[in-house]
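S.K.: The structure's right below; bear with me while I get my questions together.
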Amino acid sequence: MTLKLSLLSAALFSVSSLAAKPSLEFKDVFDFRYPQGTVISEQGTFLGLSAKPYRGDSEGQVYSLNNKALIASVPRGTNPVINKGGQWVSFTQRPTLLEKETADKKKKKTLKNNLVLVNTTTKAQQTFSSVKDYQLSDDGLWLVYREDAKKGDNKSDEKANTDEQTDELKISADKGDETLTLVVLNLSNNESTRYDDIAAYKVAPNSNAILVNQRSEDGSKNRVAVIDLASNQITSLIDEPGVTLGDIAWQPNSQHVAFYLGNYVNDDKRRRDYQLKLWSPTSNKITDIHNPSGWFSGKTASIKWSEDGSRLFFENRPQLEAKAKVLKYTDESSLYDYDTIRQQKGLKVWHNADPEIKTREIKTWNESRRDQHYQAVYHINGERVVQLENLQVPAISLRTNANFVLASDDTPYLKQIMYKGFYRDYYSVDINSGDKQLIVKESSNRPTVAPDGKHAAYFDGQQVWLKSLSTQQLTPVSKAVKNALFADDKHDKPEPNEGFGFAGWQLDGSTLYAYSKYDIWAFDTKTAKATRLTDGYKTQTQYRIEYKDKDKLGFNPDDTLLLSAHNLENKQTHIATLSLQANKLQTVLSGEAKYGVVRKAKEADTYIFTRQSYQEFPDYWVSDSSFNNPTKLTDLNPQQQTFAWGQKPELVKYKGYDGEDLQGVLIKPADYKAGDKVPVVIYFYRYMSQRMYDFPKMELNHRPNLPMYTSNGYAIFLPDIRFEIGHPGRSSTQTMINAAQALIDTGVADPDKIGLQGHSWAGYQSAFMITQTDMFKAVVSGAPVSNMTSAFSGIRLESGLARQFQYETGQSRIGKPLTEAPELYIENSPVFYADKVNTPILIMFGDNDGAVPWQEGIQYYLALRRHDKDAIFLQYEGEPHHLKKLPNQLDYSIRMKEYFDYHLKGLPPAEWIQSGEAFITEE
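Rendered as structure tokens:
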């Protein structure tokens with residue numbers, strides 16, 4: 000159905016009413032709120048969210064989906080959780096922004112979070128102060144939480160002396176493994192029981208028991224115990240000095256609880272063995288689950304049950320070598336011992352044979368490899384362990400209810416990442432046996448495995464390939480389809496085409512569902528027959544699966560699929576349904592807007608969706624799957640209608656550098672009158688026209704806040720840009736010139752008042768464009784590469800990766816190494832043409848940029864300065880690729896607008912534009 004415009008949208012569309020409204024100011028951006036942490040009850044009866052302003056305190060909100068109404072508001076409420084039965088919505092209540100901003104470092108440590116419970120029946124709220132963590136029982140009868148308050152240190156001198164005498168007997172916990180008081184609250188009568196010194200806990204799904212790890216200060220009385228919720232009695236399962244727990248997971252039916260049991264007696268936490276145990280409350284029996292020989296489970300290993308409780312997924316790793324002996328200065332002779340002295344060195348050895356360059360090696364070690372574990376599964380019925388991951392195939396995409404999963408290995412290709420990009424060998428893994436079948440070697444595109452494990456599919460060489468895993472037979476199933484594109488025709492990088500991807504499989508494995516440019520296709524896995532299920536090619540509409548249950552392994556023949564329908568011509572995104580049984584396609588939500596499904600209730604026919612446009616915030620709507628009578632649920636930003644905003648976006652057509660038809664989005668200022676020629680800020684990156692119906696991000700960061708400009712007399716233009724491999728600079732420049740000229744030809748843009756703003760890749764483009772044309776009045780360039788010859792062998796410090804792959808196969812699109820084509824690197828580097836620049840430029844960098852070396856900005860600034868060009872460089876201290884600190888975000892946003900106001904509007908320049916800012920410090 001087509002939704003009628005809301006009153007808000009109608010008001011915003013009215014130019015006459017907009018003219019009388021005030022313009023946006025930067026302080027107004029602070030108040031715009033976005034939903035975060037959205038949760039819907041399994042029964043589809045309640046919705047919880049946290050409405051977070053750009054600057055300010057969040058508000059927790061609870062909505063009744065039956066009554067379509069807000070039933071509770073929680074000041075400073077964040078991270079909503081709805082218990083399984085839907086009786087409660089909980090929020091973590093943070094300290095106020097004022098408290099956090101005015102507290103010194105010491106005071107901040109004393110600020111604690113509260114817990115707020117909202118009763119969905121009575122709407123009553125309960126607040127619990129200083130809560131560290133908590134769990135709600137599935138049935139809503141119990142709240143279990145730990146108080147965020149440690150015991151005071153009131154030791155007497157006598158006690159201190161005693162402690163000194165018994166230090167050798169003390170079994171110390173790892174740093175950070177704190178114990179707190181556990182509170183068990185019966186929510187039906189508000190009676191509570193407290194248990195001291197609890198380190199870990201987990202409530203059983205049937206609400207009968209809690210497994211806990213209770214520890215004494217010296218470790219001598221540590222134990223694993225069970226709290227019986229009916230009697231509040233705590234009973235020991237394991238009493239052992241130093242004992243501790245790793246991860247805990249109750250079986251969904253509560254017949255067993257699995258846990259890792261370790262002991263602090265081994266103070267090497269990387270090598271400490273955490274034994275996997277399975278306890279049955281019914282029989283009171285503990286079963287040991289043994290790792291394969293030579294393997295153990297460490298402290299960070301996780302546990303997860305399949306939904307039906309028949310499989311217990313756990314993690315392990317090969318035994319580690321003994322820790323290297325640490326040499327220290329202990330006596331006179333050690334001061335002169337070569338080995339002892341050299342062990343104090345500060346050195347990292349970079350070797351050509353290393354699989355990863357040192358920065359990447361350090362990054363992956365710290366983030367994954369130091370504590371890397373491998374996936375295994377224990378089959379409850381067969382009482383057997385199957386190793387799923389190993390050193391040869393170290394990564395699987397785990398789906399606990401699947402019989403076959405996708406696995407991969409990138410280790411053979413780690414060295415070539417630096418120049419070629421990311422590749423993997425892919426396998427299908429049988430969960431029951433652990434057997435692995437090769438799907439494809441050295442692929443940059445991710446395959447998909449059929450639920451029955453008989454077939455896999457992947458994209459390669461312009462085609463969709465279907466592979467029989469039993470016979471290894473390959474069939475290019477898309478090759479026989481003559482009236483559809485399965486390779487991305489917009490692909491313009493020197494790397495393999497990734498195609499359009501896959502929609503899924505029939506549950507029995509009989510059908511593969513794949514995407515072409517516009518449509519969804521069904522391929523019979525026996526005959527390879529292709530059937531087009533949608534008709535997007537007729538209207539240039541791209542159909543894709545909009546919502547799919549993440550736990551669903553495949554489609555049933557009688558399923559009705561929920562699809563997004565994005566029209567590549569008019570940019571509207573609708574919602575449609577596709578009946579697989581009737582082969583019927585039906586549009587259910589349509590209009591001049593962008594629709595998107597946000598959530599679906601697990602056990603109910605209840606959907607939450609959004610509708611948005613440049614004028615309409617994506618508030619939440621609720622509906623059933625027919626979408627016949629949707630109801631608007633939230634109204635998070637009613638203040639928007641009080642501001643002049645901007646007129647309805649429209650498309651401008653032009654040609655790319657090679658004559659390709661392209662589009663850009665023009666948004667006229669709120670007070671625009673026909674015939675006016677106005678200043679324009681062009682914001683771009685690559686493809687932008689698909690954002691025509693996006694509500695603009697109401698934030699302050701590395702990009703212009705679009706309504707801030709359209710509210711204050713500017714037009715905004717968002718053009719699509721295309722690139723030629725080997726010549727990204729000149730191709731993007733010619734495309735931009737064509738786009739800007741088309742904009743001028745509309746009569747809207749003042750040809751002498753057009754500015755460019757781009758960041759990162761678009762920062763590079765804008766920096767390059769002004770070396771080739773004087774068409775633009777001013778440019779703001781964020782984090783640009785200016786010298787590809789130096790950037791080629793730079794390092795992305797955030798990821799630790801060498802930058803070479805970006806040029807040879809990636810975004811920078813040179814397609815060859817520097818030694819093979821130095822002329823292309825020079826041709827595409829702005830720094831070599833700094834003397835040609837006649838356009839004022841404002842360059843911005845964070846000096847902790849982990850993507851583009853900030854020295855690239857310095858190089859360009861110095862080259863421009865050498866030729867006495869109008870260039871200003873903004874160095875934001877300690878900032879990464881995108882500004883993260885609010886003072887810097889606000890400062891840059893203000894300076895950007897002041898810069899454009901001066902150059903495009905002719906307003907008096909701010910002092911920093913005219914004279915800079917001198918460095919002065921009082922310290």
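Read in order, the letters of the sequence shown correspond to residues 0 to 922 in numbering that gives the first Met the number 0.
We put the CB at the ideal spot given by N, CA and C, even for glycine.
Bear in mind that the values here come from a model prediction, so they are computed numbers and not experimental data.
Would you say the region 700 to 712 touches the region 651 to 664, given that touching needs at least three Cβ pairs under 8 Å?
M.R.: no
S.K.: Have a look at K652 and K489 and give me their C-alpha separation to the nearest angstrom.
M.R.: As a position in the sequence shown, residue 652 is number 653, starting the count at 1. As a position in the sequence shown, residue 489 is number 490, starting the count at 1. A straight line joining the alpha-carbon of K652 with that of K489 spans about 17 Å.
S.K.: Please determine if the region 793 to 807 and the region 730 to 744 are in contact, where contact requires at least 3 C-beta pairs separated by less than 8 Å.
M.R.: no
S.K.: Run through the region 725 to 813 for me and flag every whole alpha helix (DSSP H) of 4 or more residues, listed as ranges in chain order.
M.R.: 727 to 744, 760 to 768, 787 to 790, 803 to 807
S.K.: Quick check for students: name the residue ranges of the beta strand (DSSP E) that lie wholly in the region 8 to 96, counting only runs of 3 or more.
M.R.: For secondary structure counted as the beta strand (DSSP E) over 3 or more consecutive residues, the region 8 to 96 holds these complete runs in sequence order: 32 to 39, 45 to 52, 58 to 63, 68 to 74, 76 to 81, 87 to 92.
S.K.: Spatial neighbours of S503 within its chain, please: CB distance less than 8 Å, with the 5 preceding and 5 following residues excluded, ordered by chain position.
M.R.: The sequence position of residue 503 within the sequence shown is 504, counting from 1. Looking at the sequence itself, residue 503 is Gly, so the reference to Ser does not match. So the list reads T447, Y512, I544, K547, G553, F554, once near-sequence residues are dropped.
S.K.: Between which two residues does the alpha helix (DSSP H) holding Y824 run?
M.R.: The count along the sequence shown starts at 1 and reaches residue 824 at position 825. Where Y824 is concerned, the enclosing alpha helix (DSSP H) stretches over 821 to 826.
S.K.: Between which two residues does the beta strand (DSSP E) harbouring L334 extend?
M.R.: On the sequence shown, residue 334 is found 335 positions in, with the first residue counted as 1. Counting along the chain, L334 falls outside any beta strand (DSSP E), and DSSP gives it neither H nor E.
S.K.: Identify whether H880 lies in helix, strand or coil by the three-state DSSP scheme.
M.R.: Looking up residue 880 in the sequence shown gives position 881. Coil.
S.K.: On the DSSP bridge list, what partners appear for Q662?
M.R.: Here residue 662 corresponds to residue number 663 of the sequence shown, with the count starting at 1. Answer by DSSP bridge pairing, in chain order: K652.
S.K.: Would you kindly work out how many angstroms separate the C-alpha atoms of A456 and T533, rounded to a whole number?
M.R.: Here residue 456 refers to the residue found at position 457 when the sequence shown is read from its first residue. Here residue 533 refers to the residue found at position 534 when the sequence shown is read from its first residue. Roughly 21 Å separates the two Cα atoms.
S.K.: Among the residues of its own chain, which have a CB less than 6 Å from the CB of N160, if the five just before and after it don't count?
M.R.: Here residue 160 is taken as the residue at index 161 of the sequence shown, counted from 1. Residue confidence for N160 is low, a pLDDT of 47 falling below 50, so the modelled location carries little weight and cannot support an answer.
S.K.: For R341, does the count of other Cβ atoms within 10 angstroms reach 16, so buried, or fall short, so exposed?
M.R.: The residue labelled residue 341 in the question sits at position 342 within the sequence shown. Exposed, because fewer than 16 other Cβ atoms sit within 10 Å of the Cβ of R341.
S.K.: Tell me the DSSP secondary structure of K667 in three-state form.
M.R.: Taking the sequence shown and counting its residues from 1, one reaches residue 667 at position 668. Shown here, K667 sits in coil according to DSSP, grouped into three states, outside any helix or strand.
S.K.: Please state whether the Cβ-Cβ distance between Y891 and I912 is less than 8 Å.
M.R.: Working through the sequence shown from its first residue, we reach residue 891 at position 892. Working through the sequence shown from its first residue, we reach residue 912 at position 913. The Cβ atoms of Y891 and I912 do not sit closer than 8 Å to each other.
S.K.: By DSSP, does G845 sit in helix, in strand, or in coil?
M.R.: Taking the first residue of the sequence shown as position 1, residue 845 is located at position 846. Looking at G845 - three-state DSSP - the assignment turns out to be strand.
S.K.: Please report the distance separating the alpha-carbon of N78 from that of L465.
M.R.: Translated into the one-based positions of the sequence shown, residue 78 becomes position 79. Translated into the one-based positions of the sequence shown, residue 465 becomes position 466. If you take the alpha carbons of N78 and L465, they lie about 43 Å apart.
S.K.: Here's the rule: buried if 16 or more other CB atoms are within 10 angstroms of the residue's CB, otherwise exposed. What is N153?
M.R.: On the sequence shown, position 154 is the one that residue 153 refers to. A caution first: N153 carries a pLDDT of 43, below 50, which makes its placement in the model too unreliable to give a value.
S.K.: Taking DSSP as the reference, what is the three-state secondary structure of P240?
M.R.: If you number the sequence shown from 1, residue 240 lands on position 241. Looking at P240 - three-state DSSP - the assignment turns out to be coil, as it is neither helix nor strand.
S.K.: Tell me the DSSP secondary structure of N711 in three-state form.
M.R.: Along the sequence shown, one-based indexing puts residue 711 at 712. The answer is coil: DSSP assigns N711 none of H, G, I, E or B.
S.K.: For V597 and Y53, what's the separation of their Cα atoms in angstroms?
M.R.: Mapped onto the sequence shown, residue 597 falls at position 598. Mapped onto the sequence shown, residue 53 falls at position 54. Taking the straight line joining both Cα atoms gives about 21 Å.
S.K.: Below 8 Å between beta carbons: does that hold for L319 and R269?
M.R.: On the sequence shown, residue 319 is found 320 positions in, with the first residue counted as 1. On the sequence shown, residue 269 is found 270 positions in, with the first residue counted as 1. Their beta carbons are under 8 Å apart, which means L319 touches R269 by this criterion.
S.K.: Report the option in S230, S171, L468, D147 whose CA atom is closest to the CA atom of D195.
M.R.: Position 196 of the sequence shown holds residue 195. Of the listed residues, the one whose Cα sits closest to D195 is D147.
S.K.: Using only the alpha-carbon positions, how far apart do I209 and S292 sit?
M.R.: For the purposes of this step, residue 209 is taken as the residue at position 210 of the sequence shown. For the purposes of this step, residue 292 is taken as the residue at position 293 of the sequence shown. Looking at the two C-alpha atoms, the distance is approximately 32 Å.
S.K.: Buried or exposed: which applies to L387, given that a residue is buried once 16 or more other Cβ atoms fall within 10 Å of its Cβ?
M.R.: For the purposes of this step, residue 387 is identified with residue 388 of the sequence shown, where counting begins at 1. Looking at its Cβ environment, which holds 16 or more other Cβ atoms inside 10 Å, L387 is buried.
S.K.: In angstroms with no decimal places, state the Cα-to-Cα distance between K940 and A748.
M.R.: In the structure displayed, the chain extends from 0 to 922; residue 940 sits before or after that span and is not available.
S.K.: Given that a residue counts as buried once 16 or more other Cβ atoms are within 10 Å of its Cβ, and exposed if not, what is P886?
M.R.: Start at 1 with the first residue of the sequence shown, and residue 886 comes out as number 887. Only exposed fits P886, as fewer than 16 other CB atoms lie within 10 angstroms of its CB.
S.K.: Give the range of the beta strand (DSSP E) segment to which E441 is assigned.
M.R.: One-based indexing of the sequence shown puts residue 441 at position 442. 435 to 442 is the span of the beta strand (DSSP E), which, as asked, contains E441.
S.K.: When you compare only the Cα positions, how much space is there between D869 and P668?
M.R.: Walking along the sequence shown from the start, residue 869 turns up at place 870. Walking along the sequence shown from the start, residue 668 turns up at place 669. C-alpha separation (whole angstroms): 28 Å.
S.K.: Could you give the residue range of the alpha helix (DSSP H) that holds S296?
M.R.: The sequence position of residue 296 within the sequence shown is 297, counting from 1. Premise fails: S296 is in no alpha helix (DSSP H) and is neither H nor E.
S.K.: Name the one or two DSSP bridge partners that G503 has.
M.R.: Here residue 503 corresponds to residue number 504 of the sequence shown, with the count starting at 1. Per DSSP, Y512.
S.K.: Less than 8 Å between the beta carbons of Y692 and K593, yes or no?
M.R.: Position 693 of the sequence shown, counted from the start, is the residue given in the question as residue 692. Position 594 of the sequence shown, counted from the start, is the residue given in the question as residue 593. At a Cβ-Cβ threshold of 8 Å, Y692 and K593 count as neighbours.
S.K.: For Y412, name the three-state secondary structure that DSSP assigns.
M.R.: Start at 1 with the first residue of the sequence shown, and residue 412 comes out as number 413. Looking at Y412 - three-state DSSP - the assignment turns out to be helix.
S.K.: Could you tell me which residues DSSP pairs with N118 in its beta bridges?
M.R.: As a first step, residue 118 is located in the sequence shown; it is residue number 119 there, counting from the start. Its beta-bridge partners are W87.
S.K.: Which whole-angstrom value describes the C-beta separation of L413 and E355, a residue pair presumed to lie in contact below a C-beta threshold of 8 Å?
M.R.: Looking up residue 413 in the sequence shown gives position 414. Looking up residue 355 in the sequence shown gives position 356. At roughly 5 Å, the Cβ-Cβ gap stays under 8 Å, so L413 and E355 are in contact.
S.K.: Can you tell me where the beta strand (DSSP E) with N212 in it begins and where it stops?
M.R.: The count along the sequence shown starts at 1 and reaches residue 212 at position 213. 208 to 213 is the extent of the beta strand (DSSP E) around N212.
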